[in-house]
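K.L.:
Below is a structure I'd like to ask you about.
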Amino acid sequence: MAQSANLGFPRIGARRELKKAVEAYWKGETDAAALVAEGKRLRAAHWQAQADAGIGVIPSNDFSFYDQVLDMAALLGAVPARFRDAGDGLDLYFAMARGTDAAPAMEMTKWFDTNYHYIVPEFSRDQSFSLSSAKPVEEYLEAKALGIETRPVLLGPVSFLSLGKSRDDGFSPLEHLDAVLPVYADLLARLHEAGAAWVQIDEPVLVCDLTEAQRNAFSRAYAALADAGPKLMLASYFGGLGDNLEVATGLPVAGLHIDLVRAPEQLATVLANSGGKVISLGLVDGRNIWKTDLARALTVAGKAVQRLGSDHVQIAPSCSLLHVPVDLDQETGLDEELNSWLAFAAQKLAEVATLTRALNDGEDAVADALAQNRAACEARAVSPRIHDPLVKARVAGVTDDDRKRRSQFTDRIAKQQDRLKLPRFPTTTIGSFPQTQQVRRARADHRKRAISDSAYDVFLKAETEACIRRQEEIGLDVLVHGEFERNDMVEYFGEQLAGFAFTKFGWVQSYGTRCVKPPVIFGDVSRPKAMTVAWSAYAQSLTDRPMKGMLTGPVTILQWSFVRDDQPRRTTCEQIALAIRDEVADLEAAGIGVIQIDEPALREGLPLRRAAWEGYLAWAVDAFRLSASPVRDETQIHTHMCYSEFNDIIGSIAAMDADVISIETSRSDMELLRVFADFDYPNDIGPGIWDIHAPRVPSGQEMTGLLQKAAAVIPAERLWVNPDCGLKTRGWDEVEASLRNLVDAARTLREDRSAAA
Ligand code: GLN
Ligand code: ZN
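If you count by our numbering, then the sequence shown holds residues 63 to 819, one letter each, in order.
Take a look at the structure:
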C-alpha cells in the first residue's frame, strides 16, 4: 500500500494563536507554563487535523516556538558564548533569537528562496556539542499519548552546518561534522527507543550547488547515522537534486523525498536509481496556494508505483506546509469561483489523502473528489477572470525599445541637473516616514468604516503636509510625501491592480512571531486607473522642491505574492511591469520630475542554483526597465534596494539603468563599496549612511565618515546622501535628529570639497 505523508504543518495556528501566546509571554502577560500549554494544545490540534484528513505519516517536532533551525542549535548545545548568562530553557532560547541588553541576537537570514527567515547557527573552532534538549523525543511521546504515531522531523547535519556561520577566520562549520554526528546518533537512538520507526531528516542543501566537502560530508554523515536506530526518510525540497542526485540516491537511507513540483523531470532518474528505498513523491505544492491537478499527479504517482511497487511509495506535499496558510475554510470573504481554485495546508493534505486512496483503492473510491478537482482545474484554465486578451496582446507586443530610455545616462543626467538644480551630494530619503499610532489608528478606523472617506482623506493630507514642512525645515533636497496612505508597499498596489486578490487569514510565518499575508496574483494584471498620481501631485503642489513619486517595482510585487502557476513567473512580472510603466508615465505627465521604483526583493528572487542566476536576472532587469523607460530624459528614475548584499549582482543592478539607486550599506560598514574598486558603477548612487533598523541616532560625524569612505570610490558628482531604507518603523524624534545629522554630513562634504577646490 502507498502511504500518505506530510513533511511539516504550519505551527502558527489558524488564527495566529502561537504568535499571540508567544508575544503575551514576552510582554510578561503570561508565564512559561501558559505558553508551554498553548504549544501543547496547538500541536495536539494539528496532529488531530492531519489524522482526520487521512494522513498516514504525520510529522512531529515540526513545531517550534520560534524557528526550527534555532531549535536544532539549542538541541545540539550550540549556544554562542555571549548567552552564557542568559538563563536556560525558554529564556535562553528567546535570548538567542531576540538578543538581550548584554548580548545581541543571533543573525537571521532567508530560508533558501522562501520568505521564511531562520536563525543562523554560529560556530567557533573550539566549541563542543552535546544533546541539550529532549524536545523531539518529548513531542513524539506527546503525540503517542494522544494515540497518534508520528515521524519526527530533524534538520540534517550537513544542512545544519552548511546554514551556519563561522566566527573564526579560516574555520568552516562543516569541520564540526564529526563532533555533531554522535549527538545526532544519540538522539536517533533515543527516538528509536521511544518507538519511532522512522525519522524524517531534512537536507534541503541537496538542491543547491554543493562543494566537494559537502558531498563528502553527506557520505560520512549518513554512513554514521544509517544504523542509529530509526529508518531515515531523507527529505530534499525546494528544487531538483540535479547533479547531487547520485549523492542522494547513493546514501544508505531507507527513504528519499523528492520535490516533483519544482523538478518533475527528476522522477525517472530517481526511480531508476532508488536502490530499494521508499520514495516520497512531493506532488502537492507546499510553496503555493493553488489546487493540485490531481489527474496529472496520479499519472506521475502511477509510474512510481509501477516501477517500485506501492509499498515503496509515499505521497506528500513538495515540502513542509510551513510556507502556506493554514485553512482555506476560514476564507469566507473570497468569492466562490476564486475559492474553488485554492488549497491551503488543510486542503493540501486532503489532496494527498485523495491521491493515496486513488492509488490504493482505485479511482472509483474517490470519484467525487477527482471529478470536483477536474472541474475546478478546467474552470480555472478557461476563466475570463484570468485571461485578459488586451493584456496578453500588450505583453506580446513589447519590444526592446520599450525597455530602453531615449538617451544614455550621461545625456539624461545633464538634462536632469538643468531641471532639478540640486547641490552636490543631494540629500533624500527612501519614501516612508514614521507610521505613528495616529496614522495606524486612522487607517484601522477607516477600514472599519468608523471614519468617513473624506475625514480620512483630510487626515492623510494634513499628515503629508506636516511631513513635507518638516523635510523642508530639515533641509532635504529631494522630498517624499511620506507614504501615510499605504499599509504595505505591495498590498497598496495589489489592491488597485486587476488580477490580485486578498485573503483575510492567509498568514504565513515570516520569522519568529512575525507573519505576512501575501496577496494572491490569480489573473492577468492590469491597472484600471492611476494609483499614486493624486497623492504625488498633491504633495508636489505644496512645495517648490522636487517631490519623488513612489512606486513598488514589478519584481518585488511578484516576489512578495503568491503567484499564479499557470504561466511563467516572468510573464506575470512583465504584466506587472506594464502596469507600473503606465503609472510612471502618468506621474511624469502630472509634473513629477523624480520617480522611485523600489526593488528591495530583486536579489531574493535569485534561483538556488548559480547556473540559473543569469536567466532570472535577465528577465528581472528587463521587467524593471520596462516599467522605468517610458519617460523623457529630464525625468529622473530612482530605485532602491535593501535587505541583502549586492556585491555579486552589481552588474545586473547597473543594467537596470536607473538614474539613481539608493542601497542599503551602513549595516555592513560600507562593505558594498569594496565592489566599486573592481566595478565601475556607471550611474548615480546613494549608499545608505544611516542604519534605520537600529533605534539610535547616528552622529553627523559618523555619517560624514561613511560618506567619505564612499567618496573615496564613487565620484563626488554621482554620490547621493540618504538612509538605508524607509523610516516607517522609526519614531519622529529619532528621525528628525538623524536627518538633521545626515543633512549636516552632506554639508560638511560640500564644504570640504569647495575648500579643497
Ligand atoms: N519606499 C519604501 C519605504 O520607504 C521602501 C521600503 C523597502 O525598501 N522595503 O518604506
Ligand atoms: Zn529598503
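Note that beta-carbon positions come from the ideal geometry of N, C-alpha and C, so glycine has one too. Computed from a predicted model, the values in this text were never measured in an experiment.
For A420 versus A427, is the C-beta distance shorter than 8 Å?
P.N.:
Cβ distance < 8 Å, so A420 and A427 count as in contact.
K.L.:
Going by C-alpha distance, which of A140, G218, R229 is nearest F191?
P.N.:
Nearest option by C-alpha distance: A140.
K.L.:
Could you tell me whether any non-hydrogen atom of the ligand GLN is closer than 7 Å to the CB of M718?
P.N.:
Answer for M718: no, Cβ out of range of the ligand GLN.
K.L.:
Just reading off the beta strand (DSSP E) that C820 is part of, what are its end residues?
P.N.:
No answer is possible for residue 820: the residues shown for the chain start at 63 and end at 819.
K.L.:
Which two residues bound the contiguous beta strand (DSSP E) that contains Q571?
P.N.:
Where Q571 is concerned, the enclosing beta strand (DSSP E) stretches over 570-573.
K.L.:
Residues bridged to P214 by DSSP?
P.N.:
Looking at the DSSP assignment, P214 forms a beta bridge with S122.
K.L.:
Is H702 near the ligand GLN, with its Cβ less than 7 Å from a heavy atom?
P.N.:
Within the cutoff, so yes.
K.L.:
In this structure, what does DSSP give as the bridge partners for I659?
P.N.:
Answer by DSSP bridge pairing, in chain order: L613, T701.
K.L.:
Using alpha carbons as the reference points, say which of K771, H254, R73 lies closest to Q112.
P.N.:
Comparing Cα-Cα distances from Q112 to each of K771, H254, R73, the minimum goes to R73.
K.L.:
On the DSSP letters alone, give me the boundaries of the beta strand (DSSP E) that W723 sits inside.
P.N.:
Reading the sequence as shown, one finds Ile at residue 723 and not Trp. 722-725 is the span of the beta strand (DSSP E), which, as asked, contains I723.
K.L.:
Return helix, strand or coil for H755, following the three-state DSSP convention.
P.N.:
Coil, per DSSP.
K.L.:
Can you check whether the C-beta of H179 is within less than 8 Å of a C-beta belonging to chain D?
P.N.:
Within the model displayed, chain D is absent; a lone protein chain is all it includes.
K.L.:
Would the beta-carbon of C787 be found less than 7 Å away from any heavy atom of the ligand GLN?
P.N.:
Because some heavy atom of the ligand GLN lies under 7 Å away, the Cβ of C787 counts as near it: yes.
K.L.:
Judging by CA-CA distance, which residue of E545, Q621, G364, S194 is the nearest neighbour of V578?
P.N.:
Nearest option by C-alpha distance: Q621.
K.L.:
Can you tell me whether DSSP reads L781 as helix, strand or coil?
P.N.:
Here L781 sits in strand by DSSP.
K.L.:
Say whether the segment 107-123 touches the segment 169-176, bearing in mind that this needs 3 or more beta-carbon pairs closer than 8 Å, one atom from each stretch.
P.N.:
No, because fewer than three Cβ pairs between the segment 107-123 and the segment 169-176 fall closer than 8 Å, the two stretches do not touch.
K.L.:
Looking at the ligand GLN, does it come within less than 7 Å of K790, judged from the CB to the closest heavy atom?
P.N.:
Within the cutoff, so yes.
K.L.:
Tell me, please, whether the segment 775-789 touches the segment 739-759 by the rule of three or more beta-carbon pairs shorter than 8 Å.
P.N.:
Short answer: they touch.
K.L.:
Would you check if there are 3 or more beta carbon pairs closer than 8 Å linking the segment 450-460 to the segment 492-506?
P.N.:
Touching, no, given that fewer than three Cβ pairs across the two stretches are closer than 8 Å.
K.L.:
Using a 10 Å radius around the Cβ and a threshold of 16 neighbouring Cβ atoms, would you call E169 buried or exposed?
P.N.:
Classification for E169: exposed.
K.L.:
Using only the alpha-carbon positions, how far apart do L384 and G70 sit?
P.N.:
About 6 Å.
K.L.:
Are the CB atoms of L640 and L688 nearer to each other than 8 Å?
P.N.:
Going by C-beta atoms, L640 is nearer than 8 Å to L688.
K.L.:
Does Q497 pass the burial test, meaning 16 or more other C-beta atoms within 10 Å, or should it be called exposed?
P.N.:
When all chains shown are included, Q497 counts as buried.
K.L.:
Could you name the residues of the same chain whose beta carbon sits closer than 6 Å to that of R277, not counting the 5 residues immediately before and after it, in chain order?
P.N.:
Excluding sequence neighbours, R277 sits near V309.
K.L.:
Would you check if the distance between the CB atom of I492 and the CB atom of P198 is smaller than 8 Å?
P.N.:
Not in contact: I492 and P198 (Cβ atoms no closer than 8 Å).
K.L.:
Are the beta-carbon atoms belonging to I723 and T697 less than 8 Å from one another?
P.N.:
No; because the gap between Cβ atoms is not below 8 Å, this pair is not in contact.
K.L.:
I'd like to confirm something about P662: is its beta-carbon nearer than 7 Å to some heavy atom of the ligand GLN, or not?
P.N.:
Yes, Cβ of P662 sits closer than 7 Å to a heavy atom of the ligand GLN.
K.L.:
Can you tell which of K339, A76, D264 has the C-alpha that lies nearest to the C-alpha of L370?
P.N.:
It is K339 whose Cα lies nearest to the Cα of L370.
K.L.:
I need the boundaries of the beta strand (DSSP E) containing A560, first residue and last residue.
P.N.:
Run containing A560: 560-563, per the beta strand (DSSP E) assignment.
K.L.:
What's the call for S224, buried or exposed, on a 16-neighbour Cβ count within 10 Å?
P.N.:
With 16 or more other Cβ atoms within 10 Å, it is buried.
K.L.:
Note down the Cα distance separating E798 from P608, rounded to an integer number of angstroms.
P.N.:
About 20 Å.
K.L.:
Please classify F741: is it buried, with 16 or more other beta-carbons within 10 angstroms of its beta-carbon, or exposed?
P.N.:
The residue in question, F741, is exposed, as its Cβ has fewer than 16 Cβ neighbours within 10 Å.
K.L.:
Between G183 and the rest of its own chain, which residues show a CB-CB distance below 6 Å, the 5 nearest in sequence each way excluded?
P.N.:
Reading off the sequence, residue 183 comes out as Pro, not Gly. Within the same chain, P183 has close Cβ partners A135, A140, G226.
K.L.:
Is there at least one non-hydrogen atom of the ligand ZN closer than 7 Å to the beta-carbon of E726?
P.N.:
E726 Cβ: within cutoff of the ligand ZN.
K.L.:
What beta strand (DSSP E) runs, 3 residues minimum, are completely inside the segment 97-154?
P.N.:
Counting only runs of 3 or more, we get 120-122.
K.L.:
Can you give the beta carbon distance from R665 to I711, rounded, assuming they're within the 8 Å contact cut?
P.N.:
Yes, R665 and I711 are in contact; Cβ-Cβ is about 6 Å, under 8 Å.
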